[in-house]
Structure formats: structure tokens, C-alpha cells
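Notes to accompany the following structure.
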RNA sequence: GGCGCGGUAGCCAAGUGGUAAGGCAAAGGUCUGCAAAACCUUUAUUCGUCGGUUCGAUCCCGACCCGCGCCUCCA
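In our numbering, the protein residues as written are 67 to 532.
This is the structure we're talking about:
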């Protein structure tokens, strides 16, 4: 199945390929670094990670830019409250964000672009918009005049015809000429940090950074622009207005948006007490892989209900897959190849790919893998599974994990060295041979306390760290 | 009010105009010294409600109910 995505712009599922060479030029909205990112943020960032990996699996190269919004009202306010510079204040959260991404195994985009390093570019872009009569000044701020962009609303599919009647209001008497106009450049308030630019002193509005950095690094028309659904309006709509007024070309061919995340069936909010950062969830003792699995198991266009029951279920699901992998690696199988298994592996692999290519249907892709695991386990139980089938099965798992990335356990704090574990297992095996089961069970218990789980199989003892 | 998304078993969730994937949980069984792992069986005559189109609808159309998001900062 060819790769297809739902495009917010056209409201249709469309086949995707990069416009020019084989490289996808993609821009995704990154974090505003005024605090630790929450799991809702990571739902979106995890979707972007799946998107990246699926694009790569389709043979495309990636040129992906993600912004870091390191100047906005909250940042200015919080930094001032703590007597810090903006830079010092955001440094903590930028690092935290990078650490959290690493924890969740999210790939780094090809380029991360902090807004504050592109202020000159933004000011220049605003000046050029001014030359095109797309802006007006009001009380020291510069606004984008939406009346100059008739297509405004094409992404969010809103008709602003009626609202735009406000454009008749006299500019000089009002801060904004039209309710939908938005700030490109904000006049400095007393005591606030500002930049001195040819367009005047001030700081950039929220939307301009994305247009400017995207065009600077990726060109005038992107292949993909992605983010959370809440960004469709006004953020992405405004980006389109600015960018297309600037270039006269479509800003992005595809717009992908991840749905919201809820917590325990309710919207996440600080007042409800269900506001969760990644760190909060980790502090409850869950491994990052389980969180990652839960976030990626629900297709991105569907609201994800994040629950701790769901997390537990994710833990078990991953365990099943890891057990299967361990079994492949440790059991002994009769020589030869089972043709039925070979065909089964190929079919599962195809179904996995088809699922992902169908607008990143991760649920479908997962189902293909789990169905395969059941069939293969079953074949192992009956002795049909052959030594020659192992490689294909491992290859399938590898493909799965190149996207989902949950099979490799994170570093565990186990104190026991492998050699020591092996020694104790040998001791236990000897005790079992002597039919001293009490002693054998004692050793197994002892290992379990160290997080080592033993499994007796026909091929011998298999162990894993829990 | 406008725009958008969704309502499928205890929970999460896929899906198609022809009769309901997958995961978790639960119960029973096989295997095992005991476990663990694994496998097998059972668990939605039914897909928010009511109409309509159709030989046939969970899937198409209409109305309604409910949840969520955006419309102000927000993933």
C-alpha cells in the first residue's frame, strides 16, 4: 500500500511523496520552554517520531526542522519573577525537553531552531510583509492585516467573511483593525526584554518564528507541516497567511495534526489535578517504553485516553513481545524451514507496513505483529517452527522495533552481574537434578528479589531481567 | 452559535455495504516437581438513539443524544 496521510488542508487522505528529490522537507511545532513538557505534548511528539520513522521506512530521506519557542509571554513573566534572563530561564527547560525526548526514544530532528536565534530574520520578514502592505503599526506593535489575505481560513475551514467586516474600523483608533489580525511584532512593555530592530524595538509575535525558520531552512513550500490539533487555529492559519503573503506560494503541501490526549477520561488540567509531565509518570515507577507504547498504540487522529490501567496494559503487552523475542533467541528448534511460516512472516510484515502506510494506523500495524506472535508461538509449541524460521521472525521484530522502539529494555539498576546469575542458575539446576526442589526454589526466589526471572524450558533455563 | 473529531465487549481499540481485528483483564483447560512462558477454549446475535436508502448497514443518508477540541495562550 502506498503511503497515505490525512491532510487537514484538503480534509482527505492523500498519497504522499516529497515534491522534489527523495527528501521530505518537514516542519513540526516544538515546545514552548516555559515549563516541563506534559504527556499531552509527548503524544504529539511521539506521533511525529512515528511519522519520521515511517517516512524513512518508505525510503525517503528526512530534512526535519523543529522550533523551540524560547520567548513568549509566560517565559518573559516567569523569568522576570525569578530574576533570571530569558536565556538562563529557558536553558533548564530546553535541556529537560531534550532529556525527556531521549527518555522516550524520540529521534532528534535534523535541526532544532530556537526562536531567539532568528530574531533578525523575523524582523526582516516583517519588514518585507510591510512592503507588501500586509501590515500596519498600532501603538508600537506591528500587526498582520488579514484583509490582505483572502484565503484566510482555508486550513481551519472557517469562513471569516462576516467577521472581516471589522476591517472598516479606523486603524488609528483601535489597537487592532480587525478582530482576526494578529501581532507580528509586539511593542516592549516597561522593563521587558526587547530587541532593537530596524522595524522598531520589540519582540516577535508567536506565529512569525515558524514561518521564518521553516522557509529559511526548508524552502518556500514544505512537504509536511505537523503539530497538535489545537494549533490549526490560529497558529497554523496565521503561519499560512504570513508565509504565503511573503512568498506567493503554498506554504505546505500536507498538514498533519495529532488529536488531543485526555487523562482518566477527563481533559488534562492543573485544576483537576490530573496534569502529568513525563517525569510525573516515570516517578510512579513506569518504564519509558510503556509510556511510549501507550502513546503510539492509539492512532494519532483519535483522542487518546491516558490511564494508568492503560499503562499497566502496555507494560504487559510489551512483555509479551519481549518474551517472544527471548524465546526466538534462546529456544532450540529442529533444523529446516517451515514454508507455511515463511509465508506467514511475509504476510505479517506486509500487513504491518500497510497499517503504518495507511495514515499511520498503528493499531492495525500492532495487530499484525501480535497475530503473528500468536501463530509463531503456537508453531513453536507444536514443533512446526524450525531453526530456519528464526531469522525471518527476528527480522520482523526488528522492523517493528525500528518504528515502535519498545523492545529493548532501558538500563536497569540490577546489581547482579550476568556471570553471577549464570552461576546461581547452575547451582539451582544441580539442586533440581538432585530433586532438592526446596533449595532450587530458594535460589529462584533469591534471583527474583534481584529482578531476575527464571523460566525452565525444554531448551534449558532462560532468564531475563524484570 | 461556527468549524473539527469521536461514541464498537469490563478497559484500550481496528474495521468493512454482506454479516465484528488486535491488546489488556477475567474464567476454565493443556504443559510444568512447583512456577514462569506459551498454547487452547469461553467472554459484543452486536457496533450512542431513532428513522431512511438497500436484497442486505456497525459501515451510506437524515435527525437527535452524549463526550472532546478549536474559535483567547495551549500539543
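Note that the Cβ used here is the ideal one computed from N, Cα and C, for glycine as well.
- Task: Using three-state DSSP, classify residue 134 as helix, strand or coil.
- Result: Sequence index remark: in the first chain, residue 134 carries index 68 (1-based). In the three-state DSSP reduction, residue 134 falls in the strand class (E or B).
- Item | residue 125 versus residue 401 - alpha carbon distance | Walking along the first chain from the start, residue 125 turns up at place 59. Walking along the first chain from the start, residue 401 turns up at place 335. Near 35 angstroms, if we compare the C-alpha coordinates of residue 401 and residue 125.
- Query: Taking the continuous alpha helix (DSSP H) assigned at residue 23, which residues delimit it?
  - Reply: Here the chain covers residues 67 to 532 and nothing more, so residue 23 does not appear.
- residue 150 lies in the beta strand (DSSP E); which residues open and close that run? As a first step, residue 150 must be located in the first chain, where it is residue number 84. First-last for residue 150: undefined, no H or E at that position.
- Between residue 156 and the rest of its own chain, which residues show a CB-CB distance below 7 angstroms, the 5 nearest in sequence each way excluded? As a working mapping, residue 156 is identified with position 90 in the first chain. Closer than 7 angstroms at Cβ, skipping near neighbours: 99, 136, 141.
- Proximity below 7 angstroms, CB of residue 114 to CB of residue 283: As a position in the first chain, residue 114 is number 48, starting the count at 1. As a position in the first chain, residue 283 is number 217, starting the count at 1. It is not a contact, given that the beta carbons lie outside the stated cut-off.
- Query: Using 8 angstroms as the threshold, is the region 355 to 371 in touch with the region 483 to 494, meaning 3 or more CB pairs across them?
  - Reply: As far as the Cβ criterion goes, the region 355 to 371 does not touch the region 483 to 494, which means the pair count is below three.
- Alpha carbon to alpha carbon, what distance is there between residue 225 and residue 383? Mapped onto the first chain, residue 383 falls at position 317. Mapped onto the first chain, residue 225 falls at position 159. Straight-line Cα distance between these residues: approximately 45 angstroms.
- Can the beta-carbon of residue 301 be found less than 7 angstroms from the beta-carbon of residue 273? Sequence index remark: in the first chain, residue 301 carries index 235 (1-based). Sequence index remark: in the first chain, residue 273 carries index 207 (1-based). Yes; because the gap between Cβ atoms is below 7 angstroms, this pair is in contact.
- For residue 118, which residues from the same chain have a beta carbon less than 7 angstroms from its beta carbon, with the 5 sequence-adjacent residues on both sides left out? Translated into the one-based positions of the first chain, residue 118 becomes position 52. The residues are 128, 130, 173.
- Message: Closest to residue 321 by C-alpha separation, out of 92, 69, 87, 68, would be which residue?
- Response: By 1-based counting over the first chain, the position of residue 321 is 255. Comparing alpha carbon positions, the residue from 92, 69, 87, 68 closest to residue 321 is 92.
- Per DSSP, which residues does residue 533 bridge with? Please list them. Examination of residue 533 is not possible in this model, given that the chain is present from 67 through 532 alone.
- Message: Applying the 10 Å Cβ sphere with the 16-neighbour rule, what's the burial state of residue 269?
- Response: Position 203 of the first chain, counted from the start, is the residue given in the question as residue 269. The residue in question, residue 269, is buried, as its Cβ has 16 or more Cβ neighbours within 10 Å.
- Message: Distance check for residue 303 and residue 229, CA to CA, integer angstroms please.
- Response: Your numbering for residue 229 matches position 163 in the first chain. Your numbering for residue 303 matches position 237 in the first chain. Because the pLDDT of residue 229 is 46, which lies under 50, any placement of that residue in the model is unreliable, and the number read from its coordinates should be weighed accordingly. In a straight line, the C-alpha of residue 229 is about 16 angstroms away from that of residue 303.
- Message: Pairs of beta-carbons, one from the region 454 to 465 and one from the region 397 to 412, closer than 8 angstroms: are there three or more?
- Response: The region 454 to 465 and the region 397 to 412 touch, with no fewer than 3 CB-CB distances between them shorter than 8 angstroms.
- Query: Looking only at C-alpha atoms, which of 526, 482, 108 sits nearest to residue 293?
  - Reply: If you number the first chain from 1, residue 293 lands on position 227. Comparing Cα positions, the closest option is 108.
- Is DSSP giving residue 446 helix, strand or coil here? Translated into positions along the first chain, residue 446 becomes position 380. Of the three classes helix, strand and coil, the one that applies to residue 446 here is helix, per DSSP.
- Query: Alpha carbon to alpha carbon, how far is residue 348 from residue 103?
  - Reply: Position 282 of the first chain, counted from the start, is the residue given in the question as residue 348. Position 37 of the first chain, counted from the start, is the residue given in the question as residue 103. Inter-residue distance for residue 348 and residue 103 is about 13 angstroms (C-alpha atoms, whole angstroms).
- Which residue from 74, 355, 481, 376 puts its Cα closest to that of residue 331? What you label residue 331 is simply residue 265 of the first chain in a count that begins at 1. Minimum Cα-Cα distance from residue 331 among the listed residues 74, 355, 481, 376 corresponds to 376.
- Query: Does the count of Cβ pairs from the region 343 to 357 and the region 164 to 181 closer than 8 angstroms reach three?
  - Reply: With a cut-off of 8 angstroms, the region 164 to 181 and the region 343 to 357 count as touching, because enough Cβ pairs lie within range.
- If you follow the alpha helix (DSSP H) that residue 354 is part of, which residue opens it and which one closes it? Within the first chain, the letter at position 288 stands for residue 354. Residues 354 to 363.
- Counting Cβ pairs closer than 8 angstroms, one from the region 415 to 428 and one from the region 462 to 479, do we hit at least three? Result yes; three or more Cβ-Cβ pairs closer than 8 angstroms.
- Message: Using the three-state DSSP reduction, which class does residue 329 fall into: helix, strand or coil?
- Response: For the purposes of this step, residue 329 is identified with residue 263 of the first chain, where counting begins at 1. Residue 329: strand per DSSP, three-state reduction.
- What's the call for residue 391, buried or exposed, on a 16-neighbour Cβ count within 10 Å? Reading the first chain from its first residue, position 325 is the one you call residue 391. Per the 10 Å Cβ criterion, buried.
- Top-ranked residue by Cα proximity to residue 263, from 524, 185, 442: Numbered from its first residue, the first chain carries residue 263 at position 197. The shortest C-alpha separation from residue 263 is found at 185.
- Task: Would you kindly report the start and end of the unbroken beta strand (DSSP E) that includes residue 258?
- Result: For this step, residue 258 is matched to residue 192 along the first chain. Neither: residue 258 is in no beta strand (DSSP E) and is coded neither H nor E.
- Message: So residue 463 and residue 415 are supposed to be a Cβ contact under 8 angstroms. How far apart are they, rounded?
- Response: As a position in the first chain, residue 463 is number 397, starting the count at 1. As a position in the first chain, residue 415 is number 349, starting the count at 1. Cβ atoms of residue 463 and residue 415 stay farther apart than 8 angstroms, at about 10 angstroms.
- Message: In whole angstroms, give me the CA-to-CA distance for residue 80 and residue 522.
- Response: The residue you call residue 80 lines up with position 14 of the first chain. The residue you call residue 522 lines up with position 456 of the first chain. Annotation: residue 80 to residue 522 spans about 51 angstroms, alpha carbon to alpha carbon.
- Task: Mind checking which residues open and close the alpha helix (DSSP H) that includes residue 394?
- Result: Here residue 394 refers to the residue found at position 328 of the first chain. Start and end: 374 to 396.
- How about residue 279 and residue 373: are their beta carbons less than 7 angstroms apart? The sequence position of residue 279 within the first chain is 213, counting from 1. The sequence position of residue 373 within the first chain is 307, counting from 1. It is not a contact, given that the beta carbons lie outside the stated cut-off.
- Can you tell which of 252, 429, 69 has the C-alpha that lies nearest to the C-alpha of residue 205? As a first step, residue 205 must be located in the first chain, where it is residue number 139. Nearest of 252, 429, 69 to residue 205, Cα basis: 252.
- Query: With respect to the beta strand (DSSP E) encompassing residue 289, which residues constitute its N-terminal and C-terminal limits?
  - Reply: The residue you call residue 289 lines up with position 223 of the first chain. Its beta strand (DSSP E) spans residues 288 to 294.
- Query: Per DSSP, residue 270 forms a beta bridge with which residues?
  - Reply: Locating residue 270 in the first chain gives position 204, where the first residue counts as 1. Residue 270 is bridged by DSSP to 251.
- Item | Spatial neighbours of residue 394 in its chain, beta-carbon cut-off 7 angstroms, leaving aside the 5 residues before and after | Locating residue 394 in the first chain gives position 328, counting from the first residue. The answer, listed in chain order, is 456, 459, 460.
- alpha helix (DSSP H) containing residue 309: first to last residue? The residue given as residue 309 occupies position 243 in the first chain. 303 to 313 is the span of the alpha helix (DSSP H), which, as asked, contains residue 309.
- Query: What is the rounded straight-line gap between the Cα of residue 514 and the Cα of residue 520?
  - Reply: Position 448 of the first chain holds residue 514. Position 454 of the first chain holds residue 520. C-alpha separation (whole angstroms): 8 angstroms.
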